[in-house]
Amino acid sequence: DEMDGFWQMGHKPAEEYGKLAREAAKVMKLVDPSLELVVCGSSSSWMRTFPEWEATVLEITYNYVDYISLHTYLRNDEKDTATHLASPVGMDSLISTVIATCDYIKAKKRRAKSINLSFDEWNVWYHSLEDDREQEPWSIAPPLLEDIYTLEDALVVGLMLITLLKHADRIKIACLAQLVNVIAPIMTVNGGPSWRQTIYYPFLHASLYGRGRVLRPVIDSPVYENRTFGEVPIIDAIATIDEEKEVVTIFAVNRDQKDSISFEC
1 DEMDGFWQMG HKPAEEYGKL AREAAKVMKL VDPSLELVVC GSSSSWMRTF PEWEATVLEI
61 TYNYVDYISL HTYLRNDEKD TATHLASPVG MDSLISTVIA TCDYIKAKKR RAKSINLSFD
121 EWNVWYHSLE DDREQEPWSI APPLLEDIYT LEDALVVGLM LITLLKHADR IKIACLAQLV
181 NVIAPIMTVN GGPSWRQTIY YPFLHASLYG RGRVLRPVID SPVYENRTFG EVPIIDAIAT
241 IDEEKEVVTI FAVNRDQKDS ISFEC
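Residues in the sequence shown are numbered consecutively from 1, following full-length UniProt numbering.
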């Protein structure tokens with residue numbers, strides 16, 4: 001996990017990690033040839049070694065692995081709602097870059113197999129960082145990373161889910177990190193109640209209704225400017241079709257902070 005990170009125990013350069021992962025994969029496949037294996041990609045797109053890390057690791061491990069991992073956490077430290085709502089555009093760029101890197105190595109090696117993506121850490125995370133710095137040393141089980149989420153964060157999580165669905169042909173694993181208390185949709189207290197945070201609801205709706213196949217719509221939407229991502233469509237959307245139940249579901253988010261938008265299909 002995040003073997004490119006200097007903060008990791010066992011951190012290694014890409015070539016050294018790739019060789020270790022390849023040999024481990026060989027042994028695991030000998031024990032059970034049906035195993036599907038994930039090799040560690042970059043911990044974030046802001047790492048200086050991204051996406052060279054992916055290319056190097058896949059060059060070494062391509063024949064023995066099935067997925068490469070990627071992570072992202074979106075944040076709003078500047079309290080800039082317009083940019084926060086646009087930030088899943090950066091997530092989309094991350095995904096496209098990793099797919100392009102996988103396909104480059106596939107072409108270079110002249111292989112028929114495609115490497116798919118395991119997006120095994122994603123969420124909004126920034127609220128609790130200052131609180132965590134104020135923890136007393138050697139506290140017993142202190143609260144850590146317990147973000148309290150807003151409606152704005154729920155919209156961003158919804159946009160992240162739309163982004164994941166847009167790439168469902170290549171993203172075969174996607175894990176919200178985490179599930180309870182730690183940057184989580186569900187909160188609890190010892191001996192007390194549990195409750196749902198705002199980000200619980202877009203995740204719930206995607207799970208319940210995002211079934212079947214993905215239909216990528218062509219969207220005609222006005223755009224708006226923001227501090228980081230340039231012109232971004234005000235409307236982002238994706239659709240799914242459940243042919244067995246004969247149901248089409250549309251997931252859509254309006255990024256306009258003031259006005260509702262008429263939406264026609």
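Beta carbons are placed, not taken as given, at the ideal position from N, Cα and C, and that holds for glycine.
CA nearest to the CA of residue i, picked from the options
i	options	result
isoleucine 162	Ile238, Phe263, Arg75	Ile238
asparagine 190	Arg227, Ala141, Leu155, Val98	Ala141
proline 88	Val232, Val57, Tyr62, Ile173	Val232
aspartate 153	Ile199, Ile186, Arg22, Trp195	Ile199
aspartate 66	Cys40, Gly90, His167	Cys40
threonine 228	Arg22, Asn76, Asp132	Asn76
alanine 21	Ile60, Met187, Val248	Ile60
residue 342	Ile235, Pro217, Arg216, Ile250	The question about residue 342 has no answer here: the residues shown for the chain are numbered 1 through 265.
tyrosine 126	Ile99, Asp120, Ile183	Ile183
arginine 48	Leu129, Gln197, Glu23, Phe6	Phe6
arginine 145	Lys108, Ala177, Ser96	Checking the sequence shown, residue 145 turns out to be leucine, not arginine. Ranking the options by Cα distance to leucine 145, first place goes to Ala177.
isoleucine 99	Val248, Phe263, Leu70	Leu70
glycine 18	Pro33, Asp32, Val38	Val38
serine 262	Glu23, Ile234, Ile241	Ile234
serine 96	Gln135, Lys166, Pro33, Glu136	Lys166
asparagine 123	Ala86, Cys175, Leu151, Arg133	Cys175
tyrosine 209	Ile68, Ile241, Gln135	Ile241
valine 156	Asp236, Ile219, Arg133, Glu15	Asp236
tyrosine 73	Gln135, Met160, Glu16, Val31	Met160
isoleucine 68	Gly212, Asp120, Lys258, Ala86	Asp120
Contacting residues, own chain, Cβ-Cβ under 7 Å from residue i (five flanking each side not counted)
i	result
lysine 26	Tyr64
leucine 35	Met28, Lys29
threonine 188	Val180, Asn181, Ser194
aspartate 147	Trp125, His127, Ser128, Ile183
cysteine 265	Ile250
Sequence-distant residues of the same chain with beta carbon closer than 6 Å to residue i, five excluded per side
i	result
glycine 158	Pro202, Val253
glutamate 2	Gln8, Ser43
aspartate 92	Thr163
serine 45	Leu94
arginine 216	none
proline 143	none
Alpha helix (DSSP H) segment containing residue i, residue limits
i	result
leucine 94	88-109
histidine 205	200-209
arginine 133	129-133
tyrosine 17	14-31
Close beta carbons around residue i, own chain, < 8 Å, minus the five adjacent residues each side
i	result
threonine 101	Pro51, Glu54, Ala55, Leu58
lysine 106	Tyr62, Lys113, Ser114, Ile115
histidine 11	Met3, Asp4, Gly5
threonine 150	Thr198
Endpoints, beta strand (DSSP E) assigned at residue i
i	result
isoleucine 250	247-254
leucine 155	Segment 151-166 is the alpha helix (DSSP H) holding leucine 155; no beta strand (DSSP E) there.
isoleucine 60	No beta strand (DSSP E) contains isoleucine 60, which is instead part of the alpha helix (DSSP H) from 52-61.
alanine 112	Here alanine 112 belongs to no beta strand (DSSP E), and DSSP marks it neither H nor E.
valine 180	Taken as a continuous stretch (DSSP letters only), valine 180 belongs to no beta strand (DSSP E), as it is neither H nor E.
arginine 213	213-215
isoleucine 186	186-188
histidine 71	67-74
aspartate 147	Per DSSP, aspartate 147 belongs to no beta strand (DSSP E) and is neither H nor E.
threonine 49	Where threonine 49 is concerned, there is no enclosing beta strand (DSSP E), given that its DSSP letter is neither H nor E.
threonine 228	No beta strand (DSSP E) contains threonine 228, which DSSP labels as neither H nor E.
serine 194	194-196
isoleucine 238	235-242
beta-carbon residue i near the ligand FAD non-hydrogen atom, thresh 7 Å
i	result
aspartate 259	In terms of ligand content, the structure shown is empty, and the ligand FAD therefore cannot be addressed.
Three Cβ pairs or more, each shorter than 8 Å: is that satisfied between the region 212-229 and the region 77-84? yes
Using 8 Å as the cut-off, can you tell me whether the region 168-184 makes contact with the region 105-122, which would need three or more C-beta pairs spanning the two stretches below that distance? yes
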